[in-house]
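J.: One structure, pasted below without further comment.
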Amino acid sequence: MTIISSPMDFRRAAQARLPRFLFDYADGGAGTESTLRANVEDLARLRVRQRVLRDVADIDLSTDLLGDRRPLPVALGPIGIGGMFRRRGEVQAARAATRVGIPFTLSTVSLCSLPEVRAATDGPLWFQLYVIRDRAFMRDLIATAKVAGAEALVFTVDMPVPGTRYRDAHSGMAGPHAALRRVWQAMGRPGWAWDVGVRGRPHALGNLAPVLGAASGMDDYMGWLSDNFDPSVAWKDIAWIRDAWDGPLLIKGILDPDDARAAVDAGADGIVVSNHGGRQLDGASSSAQALPAIAAAVAGRLTVLADSGIRCGLDVVRMLALGADGVLLGRAWLYALAARGEEGVVTLLRLIEQEMRVAMALSGVRSVAEIDPAILERARDPDMSPPRG
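The opening position of the sequence shown corresponds to residue 70 in the working numbering, with each subsequent residue numbered one higher.
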């Protein structure tokens, strides 16, 4: 069994447990995966200024996110088909988030439906909405989110068309004889096959059951993505979402300062600086690269969250120093879920909490509010060096 002493250990444990098609789906990105790599590398090369004799006996990690006080500046971001990584995986991840006191964001294309997740936990729940051709169905999803008590709507706008993901065709997630290849791979992972393949049924996309039926599965997932995302979506469409949803609205997939300003003008309560984990436009900026200019452009007029490339507590601190108010975790929690289920996600969040405490103490800051660009050494790339002040 893999020893878990850091967040990165969960990736190795997940790879050992998952069939290849699922691990590569989680681990891979678009095209040559250059943006996927840049997400991690650009964060890792940010140097933190070590400071001493600053009285860091009391470290406060709490912060306000969308009007609510949270114990960490962290939420679990949306991930499609999370229920394939552990039995009823979205429920387990939501329970873990509730235990720590942070929001869990359920994907439109989850296995577990909004009602199922809400029945399993009364913790803070956000719902991620894709741009779908069928606007009436989108309204139905928003109405379901209201009934389930979702506290925020996360509207993902960087997927008018699916990215080109070469790895999926080689792994069996897509491509020739995909279903047969997935069965063959599952036979080589008996622990996963029993936990998820047998006991984790149904494998239907819970939120899409009204349009796909209760017997939908993996092939429906890939086909539905291609057939139902709407490339005609524009800023004007935010208005009807606002008409249907009166709670906090986050627009996810912002990488340009002009788009961030447009989100303010559209009445968004927050944005997520994100390149979809490197899974959409290969060659796009990393989130760390884009974040400082975007944070400066909106100048505190809305909540700024960031994702893509965050693997540990130090990465959370780096993103906050670049201008984020909080972060969404993606692959990090999915690896932990695949490796150890609900307990794995709780362990991951506790590790991130501890790493944040160490990073903050050794950089001389005692609260999230004190984390600013001044804790970073000047980056070699001037675009990642926001002015201090």
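Cβ coordinates follow ideal geometry from the N, Cα and C atoms, glycine included.
These numbers were taken from a predicted model, which means no experiment stands behind them.
(1) Residue 129 bridges to which residues according to DSSP?
(2) What is the DSSP secondary structure of residue 376, reduced to helix, strand or coil?
(3) Taking only the alpha-carbon atoms, compute the straight-line gap between residue 73 and residue 303 and give it to the nearest angstrom.
(4) Where residue 239 and residue 246 are concerned, what is the direct C-alpha to C-alpha distance, given to the nearest angstrom?
(5) State yes or no: is the C-beta of residue 109 within less than 9 Å of the C-beta of residue 380?
(6) Which of the three DSSP states is assigned to residue 304 in this structure?
(7) Using 10 angstroms around the beta-carbon of residue 203, count the other beta-carbons present and answer buried if the total reaches 16, otherwise exposed.
(8) Cβ of residue 209 less than 9 Å from any chain C Cβ?
(9) Are there 16 or more other CB atoms within 10 angstroms of the CB of residue 296, so buried, or fewer, so exposed?
(10) How would you write the range of the alpha helix (DSSP H) that residue 196 sits in, first residue to last?
(11) Taking the alpha-carbon of residue 298 as reference, which of 144, 200, 131, 179 has the nearest alpha-carbon?
(12) Please report the residue range of the beta strand (DSSP E) in which residue 138 lies.
(13) How about residue 87 and residue 261: do their beta carbons lie closer than 9 Å?
(14) With 16 as the cutoff for other CB atoms within 10 Å, does residue 321 come out buried or exposed?
(15) Who are the near neighbours of residue 242 in its chain, counting only those whose CB is closer than 6 Å to its CB and skipping five residues on each side?
(16) Could you check whether residue 114 and residue 444 sit closer than 9 Å to each other, using their CB atoms as the reference points?
(17) DSSP on residue 17, reduced to helix/strand/coil?
(18) Looking only at its chain, what residues have a beta carbon closer than 6 Å to the beta carbon of residue 375, apart from the 5 residues adjacent to it on each side?
(19) Can you tell me whether residue 423 is buried or exposed, with buried defined as 16 or more other CB within 10 angstroms of its CB?
(20) List the residues that DSSP assigns as beta-bridge partners of residue 215.
(21) To the nearest angstrom, report how far apart residue 448 and residue 354 are at their CA atoms.
T.: So, to answer that:
(1) 436
(2) coil
(3) 44 Å
(4) 11 Å
(5) yes
(6) helix
(7) exposed
(8) In the structure shown, chain C cannot be found, because there is only a single protein chain.
(9) exposed
(10) Element bounds for residue 196: not the alpha helix (DSSP H) but the beta strand (DSSP E), 194-199.
(11) 200
(12) 137-139
(13) yes
(14) buried
(15) 90, 94
(16) no
(17) The first residue shown for the chain is 70 and the last is 458, placing residue 17 beyond what the model contains.
(18) 342, 356, 360, 388, 393, 396
(19) exposed
(20) In DSSP, residue 215 forms no bridge with anything.
(21) Because the pLDDT at residue 448 is just 49, under 50, the model does not fix this residue reliably, and the value given afterwards should be weighed accordingly. Using only the alpha carbons, I get a separation of about 16 Å.
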